[in-house]
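Report on one structure; see the data block that follows.
In the numbering used here, the protein residues as written are 2 to 524.
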């Protein structure tokens, strides 16, 4: 009888071990887990099944179809890029390799007031196409305005205003995460604050975010910040200020003035955050060098205005004055990223292009070259003109996210800004590892849980049981951005594995071709 009881006791003590043994599709073992909260790393295994994180902990007795050994590596949530412009490039490169190789598993597009107007149709296209990344979208004010009013430089009528409100309402019902503005671009620049407030209130009713490329990021930056904050207050909604920076040498050091404005607004109770790309150059259209009034009503109207000698003279004077404000003698700071009429211009400054054309080495001649390029349809540009110290000051603000402000790159096409390839790797390599501006834990929080919270991506941004298995595994000692201004088409290195919705999309630093992304909708 005693032996029988001993046997039963032994069997009962073994039973829990057998019950604990479970199966998973994939287990990541031996890694240092940074869960996205900002807390310090801890050793743990991560089990994935059916696209979700099944369990985090000591899983030594678990079984899996596939095992990844992450010894010496960081295991973190997939990065969320809150400021992108992928519209129009999805079909060109659906594996989104520039984002995936930089650890990005989800993007928010539709920024700067630029988006598809019919987001229901857009989301259906994305889900049908299948990208390697997840996609959330804002609805853009500029394209809404164009759909109703064209590029007219005037206030909307009440009927037009109601049509724009209806577009925002439909976009929010279709799953938009908020409303974006690009108040430096045509036709957004023609709108008054009250127009934006009315549209923002529609998005606010669906708990959306107001994301703004402000009216000015240089001399009038404090006014522009106040306008963005005012819109958030009036609409009673969260605010995201895009690519927070100071443009122009004359504004270097003013981050000591602008960041405290955000701090004060948060103390007041306004849910305001910012995002930033970790570079001292911006990238946008050549048209931003010209006065807004010249750009109204489309390309034919632009050409007609510029054909008038008096207008041309006024535009040249305007550009020279802006150049002098920057304390520069020549247009060396704008560099061509993409110019369709002549691709030999790509990678060259306006100063260099002007000399290529055989013109005199004078700013007035360079301004004329800019006008001529605009008459040929304009160009995508990279603008050098920010201070690295301001970049660091802004980076240290805790409610600041990292964003590329980039599209899905087509490898080898044009001479684009390197931020489209290396934003996250640059933060992790240059600003965390080398310069120690912020900690690794803090950088990961800014790339994961903070953007997920801001844009209400409810099961993303953290390594948690039951969350979507968007996961990056990288080497903190070697992660590097390889893309440069001279040679931008270079992928980041150091990301060993990337999972999107539980599917291995990068394995041993190579894209598998997997396209497991989905649309991320607010409702």
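Glycine included, C-beta positions come from ideal geometry on N, C-alpha and C.
Are three or more beta carbon pairs between the stretch 237 to 245 and the stretch 203 to 216 nearer than 8 angstroms?
As far as the Cβ criterion goes, the stretch 237 to 245 touches the stretch 203 to 216, which means the pair count is three or higher.
Since residue 82 is in the beta strand (DSSP E), which residue starts that stretch and which ends it?
Run containing residue 82: 80 to 82, per the beta strand (DSSP E) assignment.
Among 352, 369 and 85, whose alpha-carbon lies nearest the alpha-carbon of residue 362?
It is 352 whose Cα lies nearest to the Cα of residue 362.
Residue 83 and residue 109 closer than 8 angstroms at C-beta:
Residue 109 is positioned such that its CB atom lies closer than 8 angstroms to that of residue 83.
Reduced DSSP category for residue 91 - H, G, I as helix; E, B as strand; rest coil
Coil at residue 91, not helix or strand.
When you compare only the Cα positions, how much space is there between residue 250 and residue 385?
Looking at the two C-alpha atoms, the distance is approximately 10 angstroms.
Use the C-beta contact count for residue 370: other C-beta atoms within 10 angstroms, 16 or more gives buried, fewer gives exposed.
Label assigned to residue 370: buried.
Consider the C-beta atom of residue 125 and the heavy atoms of the ligand FAD; say whether any pair is separated by less than 7 angstroms.
The ligand FAD is not part of the structure shown, which contains no ligands of any sort.
Rank 356, 376 and 183 by C-alpha distance to the C-alpha of residue 367 and give the top, closest one.
When C-alpha distances from residue 367 are compared across 356, 376 and 183, the shortest belongs to 356.
How would you write the range of the alpha helix (DSSP H) that residue 526 sits in, first residue to last?
Residue coverage of the chain in this structure runs from 2 to 524, which leaves residue 526 outside it and unanswerable.
To which residues of the same chain is residue 280 closer than 6 angstroms at the C-beta, ignoring the five residues directly before and after it?
Scanning its chain for C-beta atoms nearer than 6 angstroms, with the 5 sequence neighbours on each side dropped, one finds around residue 280 the residues 420, in chain order.
Please report the distance separating the alpha-carbon of residue 318 from that of residue 440.
Taking the straight line from one Cα to the other gives about 47 angstroms.
With H, G and I counted as helix, E and B as strand and the rest as coil, what does DSSP make of residue 370?
For residue 370, the secondary structure class from DSSP, reduced to helix, strand or coil, is helix.
Buried or exposed (CB count within 10 angstroms, at least 16 for buried), residue 130:
Exposed, by the Cβ-count rule.
Note the first and the last residue of the continuous beta strand (DSSP E) segment covering residue 277.
Element bounds for residue 277: 273 to 277.
Less than 8 angstroms between the C-beta atoms of residue 527 and residue 409, yes or no?
In this structure the chain extends from 2 to 524, so residue 527 is not present and cannot be described.
Which of helix, strand or coil DSSP assigns to residue 335
Three-state DSSP puts residue 335 in a strand.
If you draw a straight line from the alpha carbon of residue 301 to that of residue 295, how long is it in whole angstroms?
So the alpha carbons of these two residues sit roughly 11 angstroms apart.
For residue 64, name the three-state secondary structure that DSSP assigns.
Correct three-state label for residue 64: strand.
Between which two residues does the beta strand (DSSP E) harbouring residue 124 extend?
Residue 124 -> not in any beta strand (DSSP E); alpha helix (DSSP H) instead, spanning 120 to 130.
Beta-carbon separation (whole angstroms), residue 69 vs residue 474, contact threshold 8 angstroms
Separation of the CB atoms of residue 69 and residue 474 is rounded to 7 angstroms, and the pair is thereby assigned contact status at 8 angstroms.
Those residues which DSSP pairs with residue 481 across a bridge
Paired residue(s): 494.
Sequence-distant residues of the same chain with beta carbon closer than 6 angstroms to residue 6, five excluded per side:
Low local confidence applies: a pLDDT of 45 at residue 6 is under 50, so the model's placement there is unreliable, with the coordinate-based value given in what follows. The beta carbon of residue 6 is closer than 6 angstroms to none in its chain, skipping five residues each way along the sequence.
Which of the three DSSP states is assigned to residue 183 in this structure?
Residue 183: strand per DSSP, three-state reduction.
Using the Cα positions of residue 188 and residue 194, report the straight-line distance between them to the nearest angstrom.
Using only the alpha carbons, I get a separation of about 13 angstroms.
From this set, 201, 508, 376 and 422, which residue's C-alpha is nearest residue 490's C-alpha?
Comparing Cα positions, the closest option is 422.
Under 8 angstroms, do residue 39 and residue 436 count as touching if we go by C-beta distance?
With contacts defined as CB atoms closer than 8 angstroms, residue 39 and residue 436 fail to qualify as a contacting pair.
Which of the three DSSP states, helix, strand or coil, is assigned to residue 518?
Residue 518: coil per DSSP, three-state reduction.
Could you tell me which of 152, 331 and 56 sits nearest to residue 25, measuring between CA atoms?
Minimum Cα distance to residue 25 is reached at 56.
Starting from residue 144, follow the beta strand (DSSP E) in both directions and report where the run begins and ends.
Residue 144: not part of any beta strand (DSSP E); member of the alpha helix (DSSP H) spanning 142 to 150, first to last residue.
Using the Cβ count rule (16 or more neighbours within 10 Å means buried), how would you classify residue 43?
Exposed.
Specify whether the stretch 395 to 404 and the stretch 302 to 310 touch according to this definition: at least 3 beta carbon pairs, one from each stretch, less than 8 angstroms apart.
Segments in contact, no.
Apply the 10 Å Cβ neighbour rule to residue 390 and answer buried if 16 or more other Cβ atoms are within range, or exposed otherwise.
Answer is exposed; the Cβ neighbour count stays below 16.
Pick from 403, 521, 323 and 502 that is closest to residue 428, judged by C-alpha positions
Answer by Cα proximity: 403.
Assess contact between the stretch 196 to 206 and the stretch 155 to 175, defined as three or more Cβ pairs (one per stretch) separated by less than 8 angstroms. Is contact present?
These segments touch.
So the alpha helix (DSSP H) residue 282 belongs to, where does it begin and stop?
For residue 282, there is no enclosing alpha helix (DSSP H); the residue is part of the beta strand (DSSP E) that begins and ends at 282 to 286.
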